[in-house]
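From first to last, the protein sequence lines stand for chains A and B.
Take the first sequence: its position 230, counting from 1, is numbered 883 in our numbering, and each next residue is one higher.
Take the second sequence: its position 181, counting from 1, is numbered 834 in our numbering, and each next residue is one higher.
Glycine included, C-beta positions come from ideal geometry on N, C-alpha and C.
Everything numeric in this text was worked out from a predicted model, so none of it was measured.
Here the structure is laid out as structure tokens; the discussion comes afterwards.
2 protein chains.
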Amino acid sequence: VNHFNLSFLGFGNVGRALARWLQEKRATLRDQYDLEWRITGVTSRRLGWLVNSDGFDVGRLLTGNFDSPATAPGFHEWLAASRANVMFETSSLDPQTGQPALDYIRAALKAGVNVVTANKGPVVHGYRELRELAANYGKHFRFEATVMGGAPIFSLFRETLPAANLISFRGLLNSTSNLIITEMEEGRTFDEAVKKAQDIGLAETDPSNDIDGWDASVKLAALATALMESPTTPQQVDRAGIRGLDAEQVRRARADGHPFKSVCRLERIEGRVVASVRLEQIPLTDPLASIRGASSSARFVLDTLPDGLTLISHNPGPATTAYDMLADFINIAKSD
Amino acid sequence: VNHFNLSFLGFGNVGRALARWLQEKRATLRDQYDLEWRITGVTSRRLGWLVNSDGFDVGRLLTGNFDSPATAPGFHEWLAASRANVMFETSSLDPQTGQPALDYIRAALKAGVNVVTANKGPVVHGYRELRELAANYGKHFRFEATVMGGAPIFSLFRETLPAANLISFRGLLNSTSNLIITEMEEGRTFDEAVKKAQDIGLAETDPSNDIDGWDASVKLAALATALMESPTTPQQVDRAGIRGLDAEQVRRARADGHPFKSVCRLERIEGRVVASVRLEQIPLTDPLASIRGASSSARFVLDTLPDGLTLISHNPGPATTAYDMLADFINIAKSD
């Protein structure tokens, strides 16, 4: 049996959902993957760097009871005291710099701790460095949860499409934008649609990250960086958001059979990867036309499948993102 | 470097396309996967069981030049003389029994040879036995090419969706039926549409396997058997084909926004997996409505993603099926 000490850097919606999956799948992990675990470190905005080397009671953590025998003065002491084998990183971060997650992940890998993150920032801003760091220390850096929750894109390419070359990509990567357009088609104004996205926990209080195309740009940058060996920053993405879209125009476009979509693209042009997020009207026969609400879609054109392979994640939520992290953890344990 | 001797049982469209991929990806396999290979055994309907322990010249094989230093009197001698590490099985077979492929695969595994097959028969008729045989001999039995060419379904569940439970499935699994319906929507008669499917090499001379729903039923049985731990035979599938579909009715249905589709389903009902292939009219908002021509689609509802994950393979061909076999081979080599 493989025993893993798990540390949670961040314990918000996704962190808690992950703890729930771990509980729910405990028997499966033991029986199918020969894998036992306990949570030895957790962070709380209010209480700080908490450590329990015997393992926290997960049920109590989930009800907000963070009673712990020890606290650490900072990140390094916390990670060492929790004797973590895997760190789950879901801290809040600055998408422009990837900090402070980038520093934490770097330090964890150097301390010999595998890292599973749900943050796109470190992938975009530190992919090559972190990948090499992980390889040098014989550890893993995994980030399945960062793009298209529920659709295992990175492990798909790593594990199931070996030796295939990604030629181009087209899809819908920002759930909030797609939900807003869908809500407008169904009669809401732009502002009402934004509010709906916020009410169901999809959009932030400040929704500009989503509606100005930054979230989609960061995801495109992560795909180009990790899957096309083409380091790309969000700033390099040719970006247009959906801000100011007129509800009447959106409804008419859908009725006329040419609905609006916020379409993300990666293309190889003259040896370079060109990334774009654009508001487009597409025909109803386009498979993207049927991707409604918070669902997302990705079509990958490959040298081995020239017309492409599409993945659609239907209405994913925080529990879906958390499952992506569980899958990363299991795959790390399998290859350890 | 890992050296692999490869034997091809069957060298038709798919076998030749696989040999082409192996050639084209030779440098990638060496550089990225530390993997060298040669083809030491190949079968020809005309010339029999051919062996070349130094490795055949692949270019000459592909132009139909099967000159070989040795021939074997039968399967067992052929496999032994070719000192195969992996056997690629693409022989023609009886879908009702899985023979003779089933016997060949069984013998190969017992002889310590990994097997990659494109035949559904052995999966449906021998899955548990072959899986256990492979495990007992420390070898692999892989069959990614059998269902939905281009969409890596089996490795998706094995590698990228660990600990997830498949609750239900809905999709389009028979390319020929979908192409025939699409062609009828665009003005052809049923017979003309069948002929088109035959002309592009999709349908057999006797198309009844496809249009009576047997091909889809075998694929559903393979999915239920391998992914839901529910051994299922094609005969157990509630099956209705598309034979006799009226072209005018098909066109009117598409124009009215309720196109016909041959919909495949797996559902858990009272602890049992129920499989069906049915001709249905679906709304245009259904993502399946946009799956046209030879494309296929699969939506998996999981406990970890309750609204489902969809995969679409767009217009796959023999080279796609061959790539699925290449991917199986690479994954075997990685885990060897």
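- Under the three-pair Cβ rule at 8 Å, the region 672 to 680 of chain A does not count as touching the region 856 to 869 of chain A.
- In this structure, A:961 is the residue among A:981, A:972 and A:961 with its C-alpha nearest to the C-alpha of residue 801 (chain B).
- Legend: CB atoms of the region 971 to 989 of chain A lying less than 8 Å from CB atoms of chain B belong to residues 972, 973, 976, 979, 980, 983, 984 and 987.
- Secondary structure remark: continuous alpha helix (DSSP H) runs of at least 4 residues inside the region 671 to 757 of chain A, in chain order: 679 to 686, 711 to 715 and 728 to 734.
- With contacts defined by Cβ atoms closer than 9 Å, residue 694 (chain B) and residue 671 (chain B) do not form a contacting pair.
- Going by DSSP, residue 934 (chain B) is part of no alpha helix (DSSP H) but of the beta strand (DSSP E) stretching over 925 to 934.
- With contacts defined by Cβ atoms closer than 9 Å, residue 966 (chain A) and residue 831 (chain A) do not form a contacting pair.
- Look at residue 855 (chain B): its C-beta is not under 9 Å from any C-beta on chain A.
- Closest by C-alpha distance to residue 888 (chain A), out of A:987, A:897 and A:871, is A:871.
- By the neighbour-count criterion, in which a residue is buried when 16 or more other Cβ atoms sit within 10 angstroms of its Cβ, residue 858 (chain B) is exposed.
- Put simply, of B:716, B:701 and B:845 the residue whose alpha carbon is nearest the alpha carbon of residue 725 (chain B) is B:701.
- Look at residue 785 (chain A) here: in three-state DSSP terms it is helix.
- Contact between residue 743 (chain A) and residue 667 (chain A) holds: their C-beta atoms lie close to 5 Å from each other, under 8 Å.
- The CB of residue 678 (chain B) comes closer than 7 Å to the CB of 816 in chain A, given here in chain order.
- Burial state of residue 835 (chain B) is buried, judged by a 10 Å Cβ sphere holding 16 or more other Cβ atoms.
- By the neighbour-count criterion, in which 16 or more other beta carbons inside 10 Å mark a residue as buried, residue 803 (chain B) falls on the buried side.
- Within a 10 Å sphere around the beta-carbon of residue 718 (chain B) sit fewer than 16 other beta-carbons, which makes this residue exposed.
- Between residue 967 (chain A) and chain B, the shortest Cβ-Cβ separation is below 9 Å.
- Secondary structure at residue 759 (chain A): helix, using DSSP grouped into helix, strand and coil.
- Of all residues in the region 804 to 835 of chain B, the ones placed with a Cβ closer than 8 Å to any Cβ belonging to chain A are 804, 805, 808, 809, 812, 813, 814, 815, 816 and 817, in chain order.
- Pairing residue 979 (chain A) with residue 957 (chain B) gives a Cβ-Cβ distance under 9 Å.
- Note on geometry: alpha-carbon atoms of residue 906 (chain A) and residue 838 (chain A) lie some 9 Å from one another.
- Distance from the CA of residue 922 (chain A) to the CA of residue 890 (chain A), rounded to the nearest whole angstrom, comes to 14 Å.
- When the five nearest sequence neighbours on each side are left out, the beta carbons in the same chain lying within less than 8 Å of the beta carbon of residue 911 (chain B) are those of 934, 935, 936 and 937, in order along the chain.
- At a cut-off of 9 Å between C-beta atoms, residue 784 (chain B) does not count as an interface residue with respect to chain A.
- Comparing C-alpha distances from residue 669 (chain A) to each of A:721, A:737, A:714 and A:656 shows the shortest one belongs to A:714.
- For the region 902 to 935 of chain B, the beta-carbon criterion of a distance under 9 Å to any beta-carbon of chain A is satisfied by none of its residues.
- Rounded to the nearest whole angstrom, the C-alpha separation of residue 760 (chain A) and residue 729 (chain A) is 8 Å.
- Nearest neighbour of residue 825 (chain A) by Cα position, chosen from A:954, A:692 and A:945, turns out to be A:945.
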